[in-house]
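Reading through the C-alpha cells given below for one structure.
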Amino acid sequence: MSTGLLPAVRTPTRHRLSDEADRLAYDRYVAARNQYKEEFLDLLESACTDGPVLEVGPGYGGFAALLLARRPVDLRVLCTDPGAVAPLRERLGAAVPVDHWPAGGPLPAPLAGRHPLVYSVHALGECTDPTALLRGAARALAPGGRLLVNDLRRDPDPFILEYTLREMAADDSPDGQYRLRTYLDSLRGAWTGAELRQLLDAAGMADWAVGPDGPMALTVEHHRAT
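With numbering that gives the first Met the number 0 as the guide, the letters of the sequence shown map in order to residues 0 to 225.
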C-alpha cells in the first residue's frame with residue numbers, strides 16, 4: 000500500500016558512490032541513521048553466542064562497531080561494495096577482518112557453515128534480487144544458526160514518515176539536504192514486506208519470515224536446521 004509520499008512501484012536505489020567524497024558522505028549518512036537501530040542491536044546482542052558472527056552488507060556506517068561497543072564478539076564483515084572495505088577496515092581496526100563479497104556470489108570457503116549468527120543491515124535496497132544476497136548469507140550459517148536482516152521498508156507508518164521528513168527538511172544546510180535526498184532515494188528503493196514475501200515464496204524460501212520492525216523498517220529471519 001502506498002503512503003501517498005512514496006511510489007507504489009519500487010525505484011531501484013542509485014546512490015552516488017563514484018569517488019571517495021561520495022563514499023565518505025554516504026558513510027556519514029548511514030552512521031547517522033544507525034541511531035534508529037537500537038532495537039535491532041538489542042536483538043543481535045541477545046542472539047550472540049560464543050561462536051563467530053558475520054556481518055554481510057554494503058559496509059557503510061560502521062554498524063559492526065555498535066555491536067562491538069556492547070560486548071566482545073568474534074566478528075568479521077563482508078562488504079558487498081568494494082569501495083567500503085578500506086574505510087571500514089580503518090574504522091574497525093586489525094582485530095576485525097573485513098573483505099569484499101559480491102552479493103550472491105560464492106562465499107569464501109572458510110566462512111561457509113560455521114556462524115551461529117549472520118546479520119545484515121542497509122543491504123536489501125541495494126539489491127535487484129534480494130533472494131541472492133539472502134541465500135548467499137545463509138550459506139555462512141552453522142547448523143542451528145540464525146540469519147537476521149534489517150532494512151527500511153517502502154510502506155512505513157505514514158505519520159512517522161511525515162514527521163521524519165519534516166524534521167529533515169528543516170535542516171537547509173548542504174549536509175542536511177544531502178541527508179534528506181539520500182533518505183528519500185533509500186525509501187524509494189526499499190522493498191515492502193509483501194514484495195519480499197512474494198519473492199521469497201517464488202524462490203522456494205517459504206520458511207523464511209518477514210515482519211515489520213517498528214514504524215519504518217522490516218526484518219527478514221531464517222533459521223538453519225540443526
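C-beta atoms are modelled at their ideal positions from N, C-alpha and C, and glycine is treated no differently. Computed from a predicted model, the values in this text were never measured in an experiment.
Given residue i as reference, the closest of the options once Cα atoms are compared
{"i": "A30", "options": "A216, G61, V97 and D206", "result": "G61"}
{"i": "V72", "options": "L91, R180, P57 and P86", "result": "L91"}
{"i": "R223", "options": "V209, R196, P214 and R113", "result": "R113"}
{"i": "D46", "options": "P57, G144, P173 and L198", "result": "Note that residue 46 is Ala in the sequence shown here, rather than Asp. Answer by Cα proximity: G144."}
{"i": "A20", "options": "L132, D174 and P101", "result": "D174"}
{"i": "F158", "options": "R88, G213, L16 and W100", "result": "G213"}
{"i": "A141", "options": "H121, E161, D170 and P109", "result": "P109"}
{"i": "W100", "options": "A201, R15 and D80", "result": "D80"}
{"i": "R126", "options": "S17, V55 and D200", "result": "Looking at the sequence shown, residue 126 is not Arg but Cys. Measuring from the Cα of C126, the nearest candidate turns out to be V55."}
{"i": "L133", "options": "T225, A168, P51 and A205", "result": "A205"}
{"i": "A202", "options": "L183, L160 and A131", "result": "A131"}
Residues of its chain near residue i, where Cβ-Cβ distance is below 6 Å and the 5 sequence neighbours each way are ignored
{"i": "L217", "result": "R152, G192 and P211"}
{"i": "D129", "result": "Inspection of the sequence shows that residue 129 is occupied by Pro rather than by Asp. Excluding sequence neighbours, P129 sits near L123."}
{"i": "Y227", "result": "As shown, the chain starts at 0 and ends at 225. That puts residue 227 outside it, with no answer to give."}
{"i": "T48", "result": "P115"}
{"i": "G50", "result": "P115"}
For residue i: DSSP bridge partner residues
{"i": "Y118", "result": "E54 and L147"}
{"i": "D212", "result": "A216"}
{"i": "R152", "result": "W190"}
{"i": "C78", "result": "G56 and H99"}
Inter-residue Cα distance where the pair is residue i and residue j
{"i": "R32", "j": "E44", "result": "19 Å"}
{"i": "L116", "j": "G104", "result": "19 Å"}
{"i": "L23", "j": "L147", "result": "26 Å"}
{"i": "W207", "j": "E220", "result": "6 Å"}
{"i": "P96", "j": "L53", "result": "10 Å"}
{"i": "P107", "j": "S119", "result": "17 Å"}
{"i": "E166", "j": "M215", "result": "15 Å"}
{"i": "S172", "j": "A111", "result": "45 Å"}
{"i": "V209", "j": "L67", "result": "26 Å"}
{"i": "R75", "j": "L65", "result": "13 Å"}
{"i": "A137", "j": "Y162", "result": "36 Å"}
Outcome for residue i when other beta-carbon atoms lying within 10 angstroms are tallied against a minimum of 16
{"i": "R13", "result": "exposed"}
{"i": "V8", "result": "exposed"}
{"i": "T181", "result": "buried"}
{"i": "G135", "result": "buried"}
{"i": "A139", "result": "buried"}
{"i": "A168", "result": "exposed"}
{"i": "A94", "result": "exposed"}
is_contact[residue i, chain D] using C-beta, thresh 8 Å
{"i": "R165", "result": "Reference to chain D is not applicable here, since this structure consists of a single protein chain."}
Cβ-based neighbour list, residue i, same chain, cut-off 7 Å, excluding 5 preceding and 5 following
{"i": "P6", "result": "R187"}
{"i": "M0", "result": "Because the pLDDT of M0 is 43, which lies under 50, any placement of that residue in the model is unreliable, and the question is left without a value."}
{"i": "R196", "result": "V209"}
{"i": "S17", "result": "none"}
Close Cβ partners of residue i (< 8 Å) along its chain, the five nearest in sequence each way excluded
{"i": "G124", "result": "T12, D150, L151, S185, G188, A189 and W190"}
{"i": "R69", "result": "L40 and E44"}
{"i": "D26", "result": "Y59, G60, G61, A83 and P86"}
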